[in-house]
Amino acid sequence: MSLDSTVLAGRHLRLMSRRPASIMGAVILPLLFALLFFTVFGKVMDRAGIDYIFYLLPAIIIQATFFTAMSSAQLAAEDVTGGTLRRLRVMPIRRTAPVFGLLWAEVTRAALSIGALVPASVALGFRFRGGLLASAGFILASLAFAAVLCTCFIAMGLTLRRVEAVQGASNLIYFPALLLSNAFAPAWAFPSWLRPVVEHQPVSRVADAIRALADTDVGLTRPLLIATTWLAGLLVVGLGFATRAIGRAA
Amino acid sequence: MSSVMVEANDLMKTFGTVRALDGLSLRIEQGTIFGLLGPNGAGKTTAINVFTTLERPDAGQVRVAGYDVTRDAAQVRGVIGVTGQFAALDDNLTGLENLVLFGRLMKLGRQQAKARARELLERFDLVEAGARRTKTYSGGMRRRLDLAASLTREPTVLFLDEPTTGLDPHSRIALWDMVRELRDNGITVLLTTQYLAEADELADRIAVIDHGRVVAEGTAGELKQRAGGSVCHITLPDNATRERVARELADLGEVTVLPDGVSLPAAGPETLVAVVRRLDEATATTLSDVDIEDIGLRRPTLEDVFLRLTGQGAHPETAEVAT
Numbered sequence: 188m189s190l191d192s193t194v195l196a197g198r199h200l201r202l203m204s205r206r207p208a209s210i211m212g213a214v215i216l217p218l219l220f221a222l223l224f225f226t227v228f229g230k231v232m233d234r235a236g237i238d239y240i241f242y243l244l245p246a247i248i249i250q251a252t253f254f255t256a257m258s259s260a261q262l263a264a265e266d267v268t269g270g271t272l273r274r275l276r277v278m279p280i281r282r283t284a285p286v287f288g289l290l291w292a293e294v295t296r297a298a299l300s301i302g303a304l305v306p307a308s309v310a311l312g313f314r315f316r317g318g319l320l321a322s323a324g325f326i327l328a329s330l331a332f333a334a335v336l337c338t339c340f341i342a343m344g345l346t347l348r349r350v351e352a353v354q355g356a357s358n359l360i361y362f363p364a365l366l367l368s369n370a371f372a373p374a375w376a377f378p379s380w381l382r383p384v385v386e387h388q389p390v391s392r393v394a395d396a397i398r399a400l401a402d403t404d405v406g407l408t409r410p411l412l413i414a415t416t417w418l419a420g421l422l423v424v425g426l427g428f429a430t431r432a433i434g435r436a437a
Numbered sequence: 005m006s007s008v009m010v011e012a013n014d015l016m017k018t019f020g021t022v023r024a025l026d027g028l029s030l031r032i033e034q035g036t037i038f039g040l041l042g043p044n045g046a047g048k049t050t051a052i053n054v055f056t057t058l059e060r061p062d063a064g065q066v067r068v069a070g071y072d073v074t075r076d077a078a079q080v081r082g083v084i085g086v087t088g089q090f091a092a093l094d095d096n097l098t099g100l101e102n103l104v105l106f107g108r109l110m111k112l113g114r115q116q117a118k119a120r121a122r123e124l125l126e127r128f129d130l131v132e133a134g135a136r137r138t139k140t141y142s143g144g145m146r147r148r149l150d151l152a153a154s155l156t157r158e159p160t161v162l163f164l165d166e167p168t169t170g171l172d173p174h175s176r177i178a179l180w181d182m183v184r185e186l187r188d189n190g191i192t193v194l195l196t197t198q199y200l201a202e203a204d205e206l207a208d209r210i211a212v213i214d215h216g217r218v219v220a221e222g223t224a225g226e227l228k229q230r231a232g233g234s235v236c237h238i239t240l241p242d243n244a245t246r247e248r249v250a251r252e253l254a255d256l257g258e259v260t261v262l263p264d265g266v267s268l269p270a271a272g273p274e275t276l277v278a279v280v281r282r283l284d285e286a287t288a289t290t291l292s293d294v295d296i297e298d299i300g301l302r303r304p305t306l307e308d309v310f311l312r313l314t315g316q317g318a319h320p321e322t323a324e325v326a327t
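Here's what the structure looks like:
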């Protein structure tokens with residue numbers, strides 16, 4: 188992490204702190220969702236034999252990560268259309284510093300949402316069952332997912348440039364990726380022809396890994412390996428597109 | 005002792021089918037203001053992009069402060085300042101925070117960056133505004149802050165891309181003064197503009213560019229001489245009557261048909277008197293159907309310079325925008 192990206196991360200964090208919507212999206216909205224889902228579905232799921240808050244927290248973290256990523260795409264596009272990127276590119280800084288600066292700021296924001304969601308869920312009955320190391324892994328895996336998702340969304344923002352196009356594309360990714368996953372409902376609740384997609388898509392795989400890290404009696408190796416492979420692959424793709432886009436974003 | 009701070013030789017740049025630069029060459033002496041004058045789409049912005057390392061030329065070389073823009077891009081970025089047409093500042097940061105940010109990116113320490121920012125706010129008359137977010141700034145204040153931002157580390161060469169487009173006359177004159185002061189401190193300035201008046205006021209030398217190459221270069225005085233001094237301009241809304249009016253006035257001077265009327269070189273007020281007299285007679289007879297909107301003397305404009313130099317009209321408002 189270079190000094191330039193640190194300075195640029197500071198810029199984004201300061202700008203975020205002055206946009207009420209960015210705190211809403213990262214902290215208040217996810218808390219609200221957690222509370223709503225818990226009150227509405229908690230009893231039904233309990234009757235179905237699911238410890239709902241245990242199931243819900245990873246879902247809400249993933250959803251909050253999507254909110255953060257969607258905003259990162261928008262901020263990236265604004266930096267292109269507003270001329271900031273152009274200006275940064277004629278300064279003696281690393282070419283990729285604007286991407287990493289925004290990424291660090293967004294991961295910080297994701298950490299903020301996790302920092303708000305975990306204690307709130309504990310208050311609603313959530314417990315880490317897997318010991319200290321696995322619990323740290325839970326946080327780390329959530330942050331890794333945030334870093335990768337934001338990289339991909341920043342790449343998308345830099346490529347599409349137009350803010351409305353970015354918003355459209357964000358929704359087009361967010362709804363199917365989240366709703367056709369096992370984040371909010373278990374895969375067996377989907378029609379059988381959809382089940383393979385739901386089970387194997389990356390969001391579900393990440394949810395599997397995060398849930399395994401909070402749980403006690405499941406094998407960790409397989410879900411972690413699959414999730415890590417997905418995340419590494421997406422990171423390479425995201426970084427590739429972001430670097431390519433930043434070269435043309437003058 | 006003077007040395008060349010920007011030297012471009014035979015630059016070529018094509019975007020798809022648009023030839024943005026077509027053999028552009030120029031030399032800018034140290035400590036001078038050089039004006040790049042041309043209509044939209046003439047290649048001004050592409051030239052700036054190449055000079056400031058944003059774009060690679062297809063062919064040709066550019067040296068800025070002795071560094072080659074393609075081979076030594078990083079060194080070039082270290083010695084230039086760039087101010088764009090759109091003043092890329094963060095609306096939700098204060099003036100001071102914006103300047104500190106650029107100072108930090110130019111590798112000044114935290115304290116140094118702050119001290120430099122304060123110094124610049126003072127120099128650009130923004131001390132009070134420095135604590136306010138820039139979204140509250142007027143157009144003139146934004147441009148001043150933008151200029152200050154490109155000076156966080158005193159550049160050797162400063163590029164100003166249409167620095168006063170959209171500014172009111174008062175702010176424009178204030179900005180001109182600041183640019184002159186920078187030149188007097190030894191900074192080499194390359195400025196692009198569509199306004200002849202701006203190049204006239206500010207630039208020590210002017211290059212007129214069109215279709216991606218320099219069509220004339222000289223001091224403002226030299227260029228105006230080539231444009232032929234004042235002109236008498238007759239505004240005719242109806243396009244069909246322009247040729248007839250031009251024929252009627254043919255013996256008074258070399259009449260040029262323009263998109264909005266006709267014009268001819270004027271020696272002085274007597275040309276205007278002669279034209280009015282002639283048209284007065286003619287509208288009573290052969291030109292009775294002609295609707296004359298306005299007649300007047302005016303100083304040569306960018307359009308006149310272009311007409312003389314290239315034999316074709318330059319229409320800043322209607323020219324296609326090529327990157």
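Chains D and E are the protein sequences, given in the same order. Quick note on our numbering: the first sequence kicks off at 188 and runs consecutively. Quick note on our numbering: the second sequence kicks off at 5 and runs consecutively. Beta carbons: idealized from backbone N, C-alpha and C, even for Gly.
Requested in this report: Could you check the C-alpha separation between E/D94 and D/T415 for me, to the nearest Å?
Outcome: 37 angstroms
Query raised in the report: If we ignore side chains and look at the alpha-carbon of each, how far apart do D/G425 and D/S391 end up?
Result: 19 angstroms
**Report entry** As assigned by DSSP and simplified to three states, the class of E/L162
**Finding:** strand
**Report entry** alpha helix (DSSP H) segment containing E/A135, residue limits
**Finding:** E/A135 -> no alpha helix (DSSP H), and no H or E assigned at all.
Query - Rounded C-alpha distance that separates E/L25 from D/F325 - result: 56 angstroms
Query raised in the report: Shortest alpha-carbon distance to D/A246 belongs to which of D/F225, D/W380, D/I210?
Result: D/F225
Query - Bridge-paired residues (DSSP) for E/R31 - result: E/E11
Requested in this report: Flag E/D54 as yes if its beta-carbon sits less than 8 angstroms from any beta-carbon of chain D, otherwise no.
Outcome: The question names Asp, yet the displayed sequence has Val at residue 54 of chain E. Output row for E/V54: interface = no.
Query raised in the report: For the alpha helix (DSSP H) that D/F253 lies in, which residues bound it at each end?
Result: 239 to 268
Query - Residue of D/G288, D/R205, D/P217, D/G270 minimising C-alpha distance to D/P306 - result: D/P217
Query - Where E/D208 sits in the DSSP three-state scheme - result: coil
Query - Whole-angstrom distance between D/L244 and D/A310, CA atom to CA atom - result: Approximately 12 angstroms, taken between the alpha carbons.
Query - Start and end residues, alpha helix (DSSP H) containing E/R108 - result: 99 to 109
Requested in this report: Output, in chain order, the set of chain D residues within a Cβ distance shorter than 7 angstroms of E/D347.
Outcome: This structure gives no information on residue 347 of chain E, because the portion of chain E shown stretches from 5 to 327.
Query raised in the report: Exposed or buried, E/V325, counting other C-beta atoms within 10 Å across all chains shown (16 or more means buried)?
Result: Residue confidence is low: E/V325 scores 37 on pLDDT, short of 50, so the model does not pin down where it sits. Its coordinate-derived value is still stated next. Looking at its Cβ environment, which holds fewer than 16 other Cβ atoms inside 10 Å, E/V325 is exposed.
**Report entry** chain E contacts made by the stretch 194 to 212 of chain D, where a contact means CB separation under 9 angstroms
**Finding:** For the stretch 194 to 212 of chain D, which is checked against every Cβ of chain E, the residues closer than 9 angstroms are V194, L195, G197, R198, R201, L202, R205, R206.
Query raised in the report: D/V267 CB to nearest chain E CB: under 8 angstroms?
Result: no
Query raised in the report: DSSP three-state call for E/V294: helix, strand or coil?
Result: coil
Requested in this report: Could you tell me which residues DSSP pairs with E/L268 in its beta bridges?
Outcome: Paired residue(s): E/C236.
Report task. Give the residues from the stretch 386 to 404 of chain D that approach chain E closer than 9 angstroms (Cβ to any Cβ), ordered along the chain. Result -> none
Query raised in the report: Between the stretch 278 to 292 of chain D and chain E, which residues of the former have a C-beta closer than 7 angstroms to a C-beta of the latter?
Result: Within the stretch 278 to 292 of chain D, contact with chain E at the beta-carbon level (separation under 7 angstroms) is assigned to M278, P279, I280.
Query raised in the report: Starting from D/F428 and walking both ways along the beta strand (DSSP E), at which residues does that stretch end?
Result: Counting along the chain, D/F428 falls outside any beta strand (DSSP E), though it belongs to the alpha helix (DSSP H) covering 408 to 435.
Query raised in the report: Rounded to the nearest angstrom, how far is the Cβ of E/D295 from that of E/P241, given a contact under 8 angstroms?
Result: The distance from the Cβ of E/D295 to that of E/P241 is about 6 angstroms, consistent with a contact at the 8 angstroms cut-off.
**Report entry** DSSP-derived helix/strand/coil call for E/A220
**Finding:** Judged by DSSP in its simplified three-state form, E/A220 adopts strand.
**Report entry** Contact set between the stretch 94 to 107 of chain E and chain D, restricted to residues whose Cβ is under 9 angstroms from the partner
**Finding:** D94, D95, N96, L97, E101, L105, F106
Query - When E/G35, E/L30, E/Q34 are compared against E/L41, the one with the closest alpha-carbon - result: E/L30
Query raised in the report: Is DSSP giving E/A24 helix, strand or coil here?
Result: strand
**Report entry** Any non-hydrogen atom of the ligand NAD closer than 7 angstroms to D/I210 Cβ
**Finding:** Looking for the ligand NAD in the displayed structure turns up nothing, as the structure carries no ligands at all.
Query - Nearest neighbour of E/A78, chosen from E/M9, E/L58, E/D14 [CA to CA] - result: E/L58
Requested in this report: Indicate whether at least one CB of chain E lies closer than 8 angstroms to the CB of D/D238.
Outcome: no
Query raised in the report: Taking DSSP as the reference, what is the three-state secondary structure of D/V227?
Result: helix
Query raised in the report: So, is D/M211 buried or exposed, given that buried needs 16 or more other C-beta atoms within 10 angstroms?
Result: exposed
Query raised in the report: Alpha carbon to alpha carbon, what distance is there between D/S329 and E/T74?
Result: E/T74 and D/S329 have their C-alpha atoms spaced approximately 42 angstroms apart.
Query raised in the report: Is the stretch 100 to 115 of chain E touching the stretch 162 to 174 of chain E, taking contact as three or more C-beta pairs under 8 angstroms?
Result: No, they do not touch.
Query - Beta-carbon neighbours of E/L58, restricted to chain D and to distances below 9 angstroms - result: R273, R276, V277, A437
Query raised in the report: Does DSSP put D/D191 in a helix, a strand or coil?
Result: helix
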